[in-house]
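Below is one structure, written out as structure tokens, with a few remarks after it.
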Amino acid sequence: MELHDLSAGGDILEQVGEVARAALTRHDVSPAAAVTLINVSENATFLVDDPSTGERSILRVHRLGYHAAEAIDSELAWLSALRGEAGVRTPRVIPARDGARVVHVPQGPRSRHVVRFEFLPGVEPPEERLVDGFKQLGAVTARMHRHARRWRRPPGFTRFAWDWDAAFGREARWGRWQDGVGVDAEARAVLDRLEDRLRERIGRYGDGPERFGLIHADMRLANLLDDGGPEPSVIDFDDCGFGWHVYDLAAALSFIEHEPVVPELIDSWLDGYRSEERFTAEDEREIWTFILFRRLLLTAWIGSHQGVEIARELGAGYTRGTCDLAERYLTATP
Numbered sequence: 001m002e003l004h005d006l007s008a009g010g011d012i013l014e015q016v017g018e019v020a021r022a023a024l025t026r027h028d029v030s031p032a033a034a035v036t037l038i039n040v041s042e043n044a045t046f047l048v049d050d051p052s053t054g055e056r057s058i059l060r061v062h063r064l065g066y067h068a069a070e071a072i073d074s075e076l077a078w079l080s081a082l083r084g085e086a087g088v089r090t091p092r093v094i095p096a097r098d099g100a101r102v103v104h105v106p107q108g109p110r111s112r113h114v115v116r117f118e119f120l121p122g123v124e125p126p127e128e129r130l131v132d133g134f135k136q137l138g139a140v141t142a143r144m145h146r147h148a149r150r151w152r153r154p155p156g157f158t159r160f161a162w163d164w165d166a167a168f169g170r171e172a173r174w175g176r177w178q179d180g181v182g183v184d185a186e187a188r189a190v191l192d193r194l195e196d197r198l199r200e201r202i203g204r205y206g207d208g209p210e211r212f213g214l215i216h217a218d219m220r221l222a223n224l225l226d227d228g229g230p231e232p233s234v235i236d237f238d239d240c241g242f243g244w245h246v247y248d249l250a251a252a253l254s255f256i257e258h259e260p261v262v263p264e265l266i267d268s269w270l271d272g273y274r275s276e277e278r279f280t281a282e283d284e285r286e287i288w289t290f291i292l293f294r295r296l297l298l299t300a301w302i303g304s305h306q307g308v309e310i311a312r313e314l315g316a317g318y319t320r321g322t323c324d325l326a327e328r329y330l331t332a333t334p
């Protein structure tokens, strides 16, 4: 598994800024446009302000080795289809002058993939609107799942899976949770038991088409935009792939799994989801299984992404919180 190169810091990010500006020369953007780094996670995200038109847009410069160009094209095909066919508000892809949706910019012996999106208004859902917002999010998620089941994927469509092997197997996509920050012998004993229980329950639950398919896989609050309208916009489909439908709820609770409001958020999400699609009692029984699945996966992510600000901030405290939630889950589930 390749090291997350964007975590390396200053020199790499300076080079990535140069890649962003080079990619913009392929677009109808003024040379005077301001390019501002706004986020580094799996990729580097830039805000582009064009003084000649007043237009704002978003430029995503991909990390090396995470997605092939064909997989990025597949992501863009789905988010565009959701926008056009399912009424889900996703960002419009802005192609380069030659019509390319993915621009390839050489950097040393390799090339980086760059995509430009429209700038959507809104902010991360505020706390005072969170419960109502989760009902809206549940309805949106149900429409996305329904669309994915019925959608005829374009030729060559390819996305990775968020199955057990991808999360915790030999080639775990975000690294091993055992290498997480603060995973000492005591924590490892708890989390070993958690992994065994998750494997057992998910194995019984299964991965039939009624519960496993194309999902967003990262619908956390940072990837939702609330502009005061009836439904949030959904952004950043970079991790979309094939996984359990319940995982989309678990991902929506990323980093807040321990908060007292979570049971109310789950109930609200279920109300919204069931207004559009079926969500069975068996699905509901495994909600906390997938919340802990995601939490353990994020424990691994924090360990392998220490160059990312939120990973540094959460650190060992997140691991301790994972152990606390694991103990409660292990006590409550057979």
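Numbered per the numbering used here, the sequence shown spans residues 1 to 334.
Built from N, CA and C at the ideal position, the CB exists for glycine as well.
This one's a predicted model, so the numbers in the text were calculated from it and none came from an experiment.
Item                                                                                                                    : Value
Cα-Cα separation, Asp184 to Ala316                                                                                      : 10 Å
Short Cβ contact (8 Å threshold) for Ala408 with Phe293                                                                 : Residue 408 cannot be examined here, being either before or after the span of the chain that is shown, 1 to 334.
Stretch-stretch touch, CB-based, cutoff 8 Å, three pairs: the region 20–37 with the region 48–56                        : yes
Inter-stretch contact (C-beta, 8 Å, three-pair minimum) for the region 252–263 and the region 105–118                   : no
Where Asp132 falls, given that 16 or more other Cβ within 10 Å makes a residue buried                                   : exposed
Buried versus exposed, by CB contacts within 10 Å (16 or more), Ala172                                                  : buried
Environment of Ile291 [buried if 16+ CB atoms lie within 10 Å]                                                          : buried
Per DSSP, the bridge partner or partners of Gly243                                                                      : Gly213
Close Cβ partners of Ala69 (< 8 Å) along its chain, the five nearest in sequence each way excluded                      : Val102, His104 and His113
Under the three-state DSSP convention, the category Leu3 falls into                                                     : For Leu3, the predicted model reports a pLDDT of 37, less than 50, meaning its position is unreliable; a value from the coordinates is still stated below. Coil, per DSSP.
Whole-angstrom distance between Ile302 and Trp164, CA atom to CA atom                                                   : 19 Å
Neighbourhood of Leu120 by C-beta distance below 6 Å, restricted to the same chain and skipping five residues each side : Pro91, Leu225 and Ser233
Whole alpha helix (DSSP H) elements within the region 248–317, 4-residue minimum                                        : 262–274, 281–285 and 287–304
Proximity below 8 Å, CB of Glu284 to CB of His145                                                                       : no
Rounded straight-line distance, which links the Cα of Val181 to that of Glu313                                          : 11 Å
Nearest neighbour of Asp218, chosen from His245, Cys323, Ser80 and Ala32 [CA to CA]                                     : His245
Three-state secondary structure assigned by DSSP to Glu55                                                               : coil
Exposure label - Val123; buried when at least 16 CB within 10 Å                                                         : exposed
Straight-line gap, Glu127 to Tyr273 (C-alpha atoms, nearest Å)                                                          : 20 Å
Buried or exposed (CB count within 10 angstroms, at least 16 for buried), Arg320                                        : exposed
Stretch-stretch touch, CB-based, cutoff 8 Å, three pairs: the region 260–268 with the region 147–158                    : no
Residue(s) in a DSSP beta bridge with Phe117                                                                            : Ile58 and Val93
Alpha helix (DSSP H) segment containing Leu130, residue limits                                                          : Leu130 to Arg150
Spatial neighbours of Met1 in its chain, beta-carbon cut-off 6 Å, leaving aside the 5 residues before and after         : Its pLDDT being 31, under 50, Met1 is placed unreliably in this model, and the coordinates cannot settle the point.
Contact test: Val261 Cβ vs the ligand NAP heavy atom, cutoff 7 Å                                                        : Ligands are entirely absent from the displayed structure, and the ligand NAP is therefore not among its contents.
Counted within 10 angstroms of its Cβ, other Cβ atoms place Asp196 as buried (16 or more) or exposed                    : exposed
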